[in-house]
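Sequential numbering from 1 applies to the sequence shown in the UniProt record's numbering.
The structure under discussion appears below in the form of structure tokens.
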Amino acid sequence: MRIGIEAQRLLRPHKHGMDIVALETIRALSTSKQHEFVVFIKPDTDRDSLPRASNVEFVELAGGPYPVWEQYTLPRAIRQYGIDLLHCTANTAPLRCPVPVVLTLHDIIFLENRPLLEGSWYQRFGNQYRRWNVPQIVPKCERIITVSNFERQRIIDHLKLDPERIVTIWNAVSPQFRLINNDIQTPNVRLQYNLPEEFIFFLGNTDPKKNVRNVLKALLLLKKQGQLSLPVVISNLSDSAFQSILTEIDGQILKNDIILCGYIPNYILPLVYNIATVFMCPSLRESFGLPILEAMACGTPVLTSSTSSMPEVAGEAAILVDPTSVEAIALQLSYLIQQPALRAELRRKGLARAELFSWQSAAEKLLDVYAEVLDTHPITTVC
Numbered sequence: 001m002r003i004g005i006e007a008q009r010l011l012r013p014h015k016h017g018m019d020i021v022a023l024e025t026i027r028a029l030s031t032s033k034q035h036e037f038v039v040f041i042k043p044d045t046d047r048d049s050l051p052r053a054s055n056v057e058f059v060e061l062a063g064g065p066y067p068v069w070e071q072y073t074l075p076r077a078i079r080q081y082g083i084d085l086l087h088c089t090a091n092t093a094p095l096r097c098p099v100p101v102v103l104t105l106h107d108i109i110f111l112e113n114r115p116l117l118e119g120s121w122y123q124r125f126g127n128q129y130r131r132w133n134v135p136q137i138v139p140k141c142e143r144i145i146t147v148s149n150f151e152r153q154r155i156i157d158h159l160k161l162d163p164e165r166i167v168t169i170w171n172a173v174s175p176q177f178r179l180i181n182n183d184i185q186t187p188n189v190r191l192q193y194n195l196p197e198e199f200i201f202f203l204g205n206t207d208p209k210k211n212v213r214n215v216l217k218a219l220l221l222l223k224k225q226g227q228l229s230l231p232v233v234i235s236n237l238s239d240s241a242f243q244s245i246l247t248e249i250d251g252q253i254l255k256n257d258i259i260l261c262g263y264i265p266n267y268i269l270p271l272v273y274n275i276a277t278v279f280m281c282p283s284l285r286e287s288f289g290l291p292i293l294e295a296m297a298c299g300t301p302v303l304t305s306s307t308s309s310m311p312e313v314a315g316e317a318a319i320l321v322d323p324t325s326v327e328a329i330a331l332q333l334s335y336l337i338q339q340p341a342l343r344a345e346l347r348r349k350g351l352a353r354a355e356l357f358s359w360q361s362a363a364e365k366l367l368d369v370y371a372e373v374l375d376t377h378p379i380t381t382v383c
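What follows is the structure, encoded as structure tokens:
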């Protein structure tokens with residue numbers, strides 16, 4: 001059978017989250033020879049990062065902004081390329097499609113919590129499109145894939161769907177995230193990103209769910225208490241956003257304790273995890289939380305949240321905190337920094353935990369979903 005995969009997010013040069021999931025899913029599926037895969041991408045996608053396999057074809061589709069591309073250009077291509085089933089990988093899908101649709105619905109934050117929807121204009125536009133599309137498309141899809149049991153239950157409760165139609169398939173860790181010892185590039189990476197010998201690492205951006213404001217408030221509290229003993233490296237956060245929050249929380253005394261290193265490419269990120277003393281990810285909400293597993297696979301002790309999917313992903317291999325409590329974040333971070341034995345224990349548990357998640361296993365479960373849909377759904381039916 002010919003499986004179509006919508007992967008327009010692969011256009012993004014700075015890949016994270018759903019972009020990485022789409023890329024790794026395609027790479028893992030390419031090892032299966034029972035289907036041909038036609039991956040629909042937008043022009044100017046960097047093809048050097050894409051997997052090469054005899055059963056995978058990448059098709060560039062021009063067609064304007066993403067909603068137009070998805071609703072009009074993509075369905076026409078489905079007919080043109082003789083697709084038997086379409087898998088949409090990033091929360092939305094065409095309302096009218098000539099073949100059965102499997103949709104990966106990573107989360108429904110855009111339907112449930114407006115304070116977490118502020119962000120940039122681009123993020124707000126994307127969330128408005130999802131709010132319009134998802135309630136209409138979900139009942140039409142043959143199967144819904146989501147990435148955690150927490151998110152599965154949220155989808156069932158919010159959208160009132162038959163649980164039999166919703167399948168949890170965990171994400172996994174890309175192979176470059178691993179223990180790295182004495183890499184010759186480490187000194188260059190330290191120099192390039194101004195990384196000290198020991199540091200706390202935090203992946204921050206303007207997405208409100210990443211909880212940057214409370215993280216900085218917790219660091220400010222530790223600073224005032226004289227307990228911020230390590231510098232903090234923050235990636236993916238602009239200087240303007242950082243300065244705005246510092247002004248808001250009256251936190252200028254933090255300026256010399258925090259290093260903004262900009263965007264770190266995925267091929268360098270494993271090295272940074274490896275040399276970090278602690279990784280913190282106290283998000284307000286995650287559908288999965290890939291960085292938690294990435295850090296664990298690199299042997300880095302993790303502090304994350306006790307909410308949403310994060311306990312499901314972290315298991316007993318991380319320190320869990322209430323992300324809404326500045327005091328709790330500060331207390332547990334300080335404790336983790338001061339306890340080398342605890343860090344060693346979390347390192348050991350984290351490495352074991354990360355091994356439980358596999359892209360190949362995820363691909364096999366996805367192939368089972370494809371098979372179920374193709375066995376039971378007439379290919380000529382319009383969704």
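For each residue, glycine too, the CB sits at the ideal point set by N, CA and C.
These figures come from a predicted structure and were not determined experimentally.
Checklist line | the stretch 233 to 240 contacting the stretch 250 to 260, beta-carbon criterion three pairs below 8 Å | finding: yes
Note to self: Going by beta-carbon coordinates alone, are Lys209 and Leu284 separated by less than 8 Å?
What the structure shows: Taking the first residue of the sequence shown as position 1, residue 209 is located at position 209. Taking the first residue of the sequence shown as position 1, residue 284 is located at position 284. Going by C-beta atoms, Lys209 is nearer than 8 Å to Leu284.
Note to self: Which of the three DSSP states is assigned to His158 in this structure?
What the structure shows: Position 158 of the sequence shown, counted from the first residue, corresponds to residue 158. If DSSP states are grouped into helix, strand and coil, His158 belongs with the helices.
Check: Since Pro75 contacts Pro98 with CB under 8 Å, what's their CB separation in whole angstroms?
Finding: Numbered from its first residue, the sequence shown carries residue 75 at position 75. Numbered from its first residue, the sequence shown carries residue 98 at position 98. With 8 Å as the limit, Pro75 and Pro98 qualify as a contact, their Cβ atoms being about 7 Å apart.
Checklist line | Inter-residue spacing [alpha-carbon to alpha-carbon] between Lys224 and Phe125 | finding: Here residue 224 refers to the residue found at position 224 when the sequence shown is read from its first residue. Here residue 125 refers to the residue found at position 125 when the sequence shown is read from its first residue. Rounded to whole angstroms, Lys224 to Phe125 spans 39 Å at the Cα level.
Notebook entry, point to check: Excluding sequence positions up to five away, which residues of its chain have a Cβ less than 6 Å from the Cβ of Asp107?
Noted result: The residue given as residue 107 occupies position 107 in the sequence shown. So the list reads Glu151 and Ser287, once near-sequence residues are dropped.
Check: Measuring CB to CB, does Ala28 end up less than 8 Å from Ala371?
Finding: In the sequence shown, the residue the question calls residue 28 occupies position 28. In the sequence shown, the residue the question calls residue 371 occupies position 371. Not in contact: Ala28 and Ala371 (Cβ atoms no closer than 8 Å).
Check: In the DSSP assignment, what are the bridge partners of Phe37?
Finding: In the sequence shown, the residue the question calls residue 37 occupies position 37. The partner list for Phe37 (beta bridge, DSSP) reads Ile3 and Val56.
Margin query: On the DSSP letters alone, give me the boundaries of the beta strand (DSSP E) that Val173 sits inside.
Written below: For the purposes of this step, residue 173 is taken as residue 173 along the sequence shown, with counting starting at 1. Unbroken run through Val173: none, as it is neither H nor E.
Next item on the list: Tell whether a beta-carbon distance below 8 Å holds between Leu86 and Lys42.
Entry: In the sequence shown, counting from the first residue as 1, residue 86 sits at position 86. In the sequence shown, counting from the first residue as 1, residue 42 sits at position 42. Cβ distance not < 8 Å, so Leu86 and Lys42 don't count as in contact.
Note to self: I'd like to check one pair, Asn211 with Pro340: are the Cβ atoms closer than 8 Å?
What the structure shows: Position 340 of the sequence shown, counted from the start, is the residue given in the question as residue 340. Position 211 of the sequence shown, counted from the start, is the residue given in the question as residue 211. Against a cut-off of 8 Å, the Cβ pair of Asn211 and Pro340 comes out as no contact.
Next item on the list: Would you kindly work out how many angstroms separate the C-alpha atoms of Gly63 and Lys217, rounded to a whole number?
Entry: Within the sequence shown, the letter at position 63 stands for residue 63. Within the sequence shown, the letter at position 217 stands for residue 217. The straight-line gap from Cα to Cα measures roughly 44 Å.
Margin query: Any beta carbon of chain B sitting closer than 8 Å to that of Ile137?
Written below: Going by chain labels, chain B is absent from the structure shown, which holds only one protein chain.
Check: Can you list, in chain order, the residues of its chain whose CB lies under 7 Å from that of Pro196, leaving out five sequence neighbours each side?
Finding: Position 196 of the sequence shown holds residue 196. Cβ within range, chain order: Pro231.
Next item on the list: Report the rounded CA-to-CA distance for Val38 versus Ala53, giving the unit in angstroms.
Entry: Within the sequence shown, residue 38 is the residue found at index 38, counting from 1. Within the sequence shown, residue 53 is the residue found at index 53, counting from 1. Each residue's Cα considered, the two are about 11 Å apart.
Notebook entry, point to check: Expressed to the nearest angstrom, what Euclidean distance is found between the alpha-carbon atoms of Pro311 and Val56?
Noted result: By one-based count along the sequence shown, residue 311 stands at place 311. By one-based count along the sequence shown, residue 56 stands at place 56. Spanning the two alpha carbons is a distance of roughly 35 Å.
Notebook entry, point to check: Are the CB atoms of Pro291 and Leu203 nearer to each other than 8 Å?
Noted result: Taking the first residue of the sequence shown as position 1, residue 291 is located at position 291. Taking the first residue of the sequence shown as position 1, residue 203 is located at position 203. Yes; because the gap between Cβ atoms is below 8 Å, this pair is in contact.
Checklist line | Where Leu74 falls: helix, strand or coil (DSSP) | finding: One-based indexing of the sequence shown puts residue 74 at position 74. Three-state result, Leu74: helix.
Notebook entry, point to check: Should Thr104 and Thr89 be called a contact, given that it needs their Cβ atoms to be closer than 8 Å?
Noted result: To locate residue 104, count along the sequence shown from 1; it is residue 104. To locate residue 89, count along the sequence shown from 1; it is residue 89. Result yes, Cβ atoms of Thr104 and Thr89 sit closer than 8 Å.
Checklist line | Three-state secondary structure (DSSP) of Phe357 | finding: Counting from one through the sequence shown, the residue named residue 357 turns up at place 357. Coil, per DSSP.
Margin query: Taking the alpha-carbon of Val26 as reference, which of Arg143, Ser49 and Pro265 has the nearest alpha-carbon?
Written below: Taking the first residue of the sequence shown as position 1, residue 26 is located at position 26. In the sequence as displayed, the identity of residue 26 is Ile instead of Val. The candidate whose alpha carbon is nearest that of Ile26 is Ser49.
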